[in-house]
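Data first, discussion second: the structure below is written as structure tokens.
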Amino acid sequence: GQNIDQPTEMTATEGAIVQINCTYQTSGFNGLFWYQQHAGEAPTFLSYNVLDGLEEKGRFSSFLSRSKGYSYLLLKELQMKDSASYLCAVRDPLVMTTDSWGKFQFGAGTQVVVTP
Amino acid sequence: GAVVSQHPSWVICKSGTSVKIECRSLDFQATTMFWYRQFPKQSLMLMATSNEGSKATYEQGVEKDKFLINHASLTLSTLTVTSAHPEDSSFYICSARDIRDQPQHFGDGTRLSIL
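Protein sequence lines, in the order shown, are assigned to chains A and B.
Quick note on numbering: the first sequence equals residues 3 to 118 in this note's numbering.
Quick note on numbering: the second sequence equals residues 1086 to 1200 in this note's numbering.
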């Protein structure tokens, strides 16, 4: 079956670095996406990886290893506004859907709490 | 770029009312749009996927007669919750994907409360 696992909650101090891990077991793979969701708001897109390696976008970086079914999102120089839920999503082209790119499978999200 | 507008943000109405939620892609054409539902402290649950000009594909357990989806143009999809009841109260979020781009981009969501 489809399985996306990420930790439920992480706490870190302002200015620190936090790494959110995501492991997945899906029928197929066509990209892994990270979204940020503040309480009561919709998710916003952060980054995606389709090939192995590191993608860097300012304070946020995302890493992918397809052979290990593993990704992480790295948040550097944490700010209070980074307190949010971070969702890992895998797009699976082998799951039937009307989107030709494949179906997004979302993890349950990791709640990051940034403390002063 | 890639802005998705969802309207309304909040709806409070009586049981039995039908509620329509609009989702628009403002600066791109979205051949595919998605409707999600999210309960507090839970992840997104995909309800249906719709392509412009064709019928939506509903996920297992989602009643198509209860949640009517219309994707009439490349920039607009609507979700109508028919004869809403308190158990339909939830946070509904749409997303759209640009045919030229990889990720889904989400609207701001609609918080629906049925009294």
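Just so it is clear, CB atoms sit at the ideal spot from N, CA and C, and this is done for glycine as well.
For residue i, count the other beta carbons within 10 Å of its own beta carbon; 16 or more makes it buried, fewer makes it exposed. Which is it?
{"i": "residue 86/A", "result": "buried"}
{"i": "residue 20/A", "result": "buried"}
{"i": "residue 1117/B", "result": "buried"}
{"i": "residue 61/A", "result": "exposed"}
{"i": "residue 1170/B", "result": "exposed"}
Excluding five sequence neighbours on each side, which residues of the same chain lie with their C-beta closer than 6 Å to the C-beta of residue i?
{"i": "residue 1154/B", "result": "1133, 1135, 1141 and 1164"}
{"i": "residue 1196/B", "result": "1095 and 1176"}
{"i": "residue 106/A", "result": "91 and 93"}
{"i": "residue 95/A", "result": "30, 32 and 104"}
{"i": "residue 1131/B", "result": "1121 and 1144"}
{"i": "residue 118/A", "result": "16"}
Alpha carbon to alpha carbon, what distance is there between residue j and residue i?
{"i": "residue 78/A", "j": "residue 58/A", "result": "11 Å"}
{"i": "residue 1144/B", "j": "residue 54/A", "result": "31 Å"}
{"i": "residue 12/A", "j": "residue 1186/B", "result": "31 Å"}
{"i": "residue 72/A", "j": "residue 22/A", "result": "11 Å"}
{"i": "residue 25/A", "j": "residue 32/A", "result": "15 Å"}
{"i": "residue 1097/B", "j": "residue 1174/B", "result": "9 Å"}
{"i": "residue 66/A", "j": "residue 56/A", "result": "7 Å"}
{"i": "residue 1188/B", "j": "residue 116/A", "result": "27 Å"}
{"i": "residue 84/A", "j": "residue 114/A", "result": "8 Å"}
{"i": "residue 35/A", "j": "residue 1115/B", "result": "19 Å"}
{"i": "residue 1101/B", "j": "residue 1198/B", "result": "12 Å"}
{"i": "residue 1105/B", "j": "residue 1162/B", "result": "10 Å"}
{"i": "residue 63/A", "j": "residue 51/A", "result": "10 Å"}
Measuring CB to CB, does residue i end up less than 7 Å from residue j?
{"i": "residue 89/A", "j": "residue 111/A", "result": "yes"}
{"i": "residue 1109/B", "j": "residue 1167/B", "result": "no"}
{"i": "residue 104/A", "j": "residue 6/A", "result": "no"}
{"i": "residue 41/A", "j": "residue 1178/B", "result": "no"}
{"i": "residue 1111/B", "j": "residue 1121/B", "result": "no"}
{"i": "residue 1172/B", "j": "residue 1156/B", "result": "no"}
Nearer than 6 Å: is that true of the beta carbon of residue i relative to any heavy atom of the ligand MG?
{"i": "residue 1164/B", "result": "No copy of the ligand MG appears in this structure; indeed no ligand is present at all."}
On the premise that residue j lies in contact with residue i, defined as a C-beta separation below 8 Å, what is that separation, rounded to the nearest angstrom?
{"i": "residue 1183/B", "j": "residue 1091/B", "result": "That pair is no contact at about 16 Å."}
{"i": "residue 1054/B", "j": "residue 1089/B", "result": "With chain B covering 1086 to 1200 only, the question about residue 1054/B has no answer from this structure."}
{"i": "residue 48/A", "j": "residue 39/A", "result": "Wrong, their Cβ atoms sit about 10 Å apart, outside the cutoff."}
Tell me which same chain residues have a C-beta within less than 8 Å of the C-beta of residue i, skipping the five on either side of it?
{"i": "residue 1150/B", "result": "1167"}
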